[in-house]
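Taken in order, the sequence shown gives residues 17 to 269; the numbers are from my numbering. Backbone N, C-alpha and C fix where the C-beta goes; we use that ideal spot for every residue, glycine too.
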Amino acid sequence: MNDALGSVQSVLILGGGSDIALATARAMVARRCRTVILAGRDPESFSGAAKDLHVAGATRVESVAFDALDSASHPEFVRRMFEQYGDIDLVLVAFGVLGDQDLAEVDGDVARRIIETNFVGAVSVLVPVTNELKRQGHGTIVVLSSVAGERARKSNFVYGSSKAGLDAFCQGLGDSLVGTGVRLLIVRPGFVHSKMTEGMDAAPLATDPEHVAEAILTGLARGSEIVWAPGPLRYVMSILRHVPRVVFRRLPL
Ligand SMILES: NC(=O)c1ccc[n+]([C@@H]2O[C@H](COP(=O)([O-])OP(=O)(O)OC[C@H]3O[C@@H](n4cnc5c(N)ncnc54)[C@H](OP(=O)(O)O)[C@@H]3O)[C@@H](O)[C@H]2O)c1
Numbered sequence: 017m018n019d020a021l022g023s024v025q026s027v028l029i030l031g032g033g034s035d036i037a038l039a040t041a042r043a044m045v046a047r048r049c050r051t052v053i054l055a056g057r058d059p060e061s062f063s064g065a066a067k068d069l070h071v072a073g074a075t076r077v078e079s080v081a082f083d084a085l086d087s088a089s090h091p092e093f094v095r096r097m098f099e100q101y102g103d104i105d106l107v108l109v110a111f112g113v114l115g116d117q118d119l120a121e122v123d124g125d126v127a128r129r130i131i132e133t134n135f136v137g138a139v140s141v142l143v144p145v146t147n148e149l150k151r152q153g154h155g156t157i158v159v160l161s162s163v164a165g166e167r168a169r170k171s172n173f174v175y176g177s178s179k180a181g182l183d184a185f186c187q188g189l190g191d192s193l194v195g196t197g198v199r200l201l202i203v204r205p206g207f208v209h210s211k212m213t214e215g216m217d218a219a220p221l222a223t224d225p226e227h228v229a230e231a232i233l234t235g236l237a238r239g240s241e242i243v244w245a246p247g248p249l250r251y252v253m254s255i256l257r258h259v260p261r262v263v264f265r266r267l268p269l
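So this is what it looks like as structure tokens:
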């Protein structure tokens, strides 16, 4: 249960090595979150992050194996998490791959893997997570979508379409949860300096994981359903999404 001041006390992070997720975990621990479960493909690689979270004040940090592409394992994985760690206040869906757009345009397997990770894998784990949180009677789901899903760009449409699918699914899921005690926050970051974007030229309004984490915590405190990071992207995208396609496809995006 969230504590008396409304802060999350326990969080399960799917994609536990994500820079944005770890910045969010640190910000939550600074606000009294005490249990953090980091789930990812290589749980042993989380030891440094786990140590930092302990030093910051977390009393329990666990690292567990989770693969978004292994959909068959998701129901049992989720059941085990809630059985072993009990009350989980917040589940952060942070895993994702940017992928190689050029390769994805010529190799269907590469394109499929991006969609299967970002969209199919997320849907596959979100369904059992939602069931468990509803059974628990309370909890919050935070999903890292992307500004890229708001309008597919020719330079990034495979990743963009995976996030568009995820975002649409989460909008519907969030609406279906009203009145259940469970809520869902969609996060739409723009360009974030993280492992995912290492070596790439920064886009306008680029930000860092710490600012995305603050936007998430502010959104949670306000009861928001969608947050943009940084905030002004909401206005930029509300214009860009209405630009006629013949113009949009010529923009250097
Ligand atoms: N960085 C940006 O500009 C940006 C912008 C908008 C949205 N986002 C979204 O924000 C989320 C976090 O991204 P980030 O910037 O923090 O990047 P990141 O540090 O590269 O984190 C991505 C994480 O996803 C994990 N992952 C990939 N495939 C997985 C799989 N099959 N199963 C489990 N975990 C898997 C990676 O784990 P491994 O170490 O095992 O590869 C990695 O820890 C992603 O969903 C991303 O799409 C990022």
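Strand pairing of residue i, partner residues [DSSP]
i: LEU276; result: Nothing can be reported for residue 276, as the shown portion of the chain is limited to 17 through 269.
i: LEU57; result: Checking the displayed sequence, the identity of residue 57 turns out to be Arg instead of Leu. DSSP, once it has assigned bridges, lists no residue as partnering ARG57.
i: SER26; result: THR51
i: VAL77; result: VAL52
i: PRO205; result: ALA245
i: GLY200; result: For the sequence presented, residue 200 should be read as Leu rather than Gly. According to DSSP, LEU200 bridges with ILE157.
i: LEU108; result: ILE29 and VAL158
Exposed unless 16 or more other CB atoms sit within 10 angstroms - verdict on residue i
i: ASP183; result: buried
i: ARG261; result: exposed
i: SER192; result: exposed
i: ILE36; result: buried
i: GLU148; result: buried
i: THR196; result: exposed
i: ARG151; result: exposed
i: HIS90; result: buried
i: GLU166; result: buried
i: GLY153; result: exposed
i: ILE104; result: buried
Contacts around residue i, its chain only, beta-carbon distance under 6 Å, and the 5 residues preceding and following it disregarded
i: ASP243; result: The question names Asp, but residue 243 in the sequence shown is Val. Cβ within range, chain order: VAL203, ALA231 and GLY235.
i: LEU54; result: ILE29, GLY32, PHE62 and SER79
i: LEU201; result: VAL158 and GLY235
i: THR156; result: LEU106 and ARG199
i: LEU38; result: ALA65
i: ASP68; result: none
i: VAL52; result: VAL27, ALA41, LEU69, ALA74 and VAL77
i: PHE111; result: LEU30, GLY31 and ALA84
Cβ shell of residue i (< 8 Å), same chain only, five flanking positions each side left out
i: SER63; result: SER79
i: ARG95; result: PRO144 and GLU148
i: GLU99; result: none
i: ALA219; result: GLY206 and PHE207
Range of the contiguous beta strand (DSSP E) that encloses residue i
i: ARG265; result: Run containing ARG265: none; DSSP gives neither H nor E here.
i: LEU233; result: That residue, LEU233, is in no beta strand (DSSP E); its alpha helix (DSSP H) goes 225-238.
i: ALA245; result: 242-245
i: PRO91; result: It is not in any beta strand (DSSP E) - PRO91 instead sits in the alpha helix (DSSP H) that spans 90-101.
Element boundaries [alpha helix (DSSP H), containing residue i]
i: ARG129; result: 124-131
i: THR156; result: Per DSSP, THR156 belongs to no alpha helix (DSSP H); it is in the beta strand (DSSP E), 155-160.
i: ALA46; result: 35-46
i: ILE255; result: 249-256
i: LEU142; result: 137-152
i: LEU189; result: 173-192
i: LEU221; result: Per DSSP, LEU221 belongs to no alpha helix (DSSP H) and is neither H nor E.
i: ASP83; result: That residue, ASP83, is in no alpha helix (DSSP H); it is neither H nor E in DSSP.
Cβ separation of residue i and residue j, assumed to be a contact under 8 Å, to the nearest whole Å
i: GLY137; j: ALA84; result: 3 Å
i: ALA245; j: VAL228; result: 4 Å
Cβ-based neighbour list, residue i, same chain, cut-off 7 Å, excluding 5 preceding and 5 following
i: PHE185; result: VAL139
i: ARG169; result: GLY176 and LEU269
i: GLU132; result: LEU85
Proximity test, residue i beta-carbon vs ligand 2 heavy atom, cut-off 7 Å
i: ARG57; result: In the structure shown, ligand 2 is absent; the only ligands present are ligand 1.
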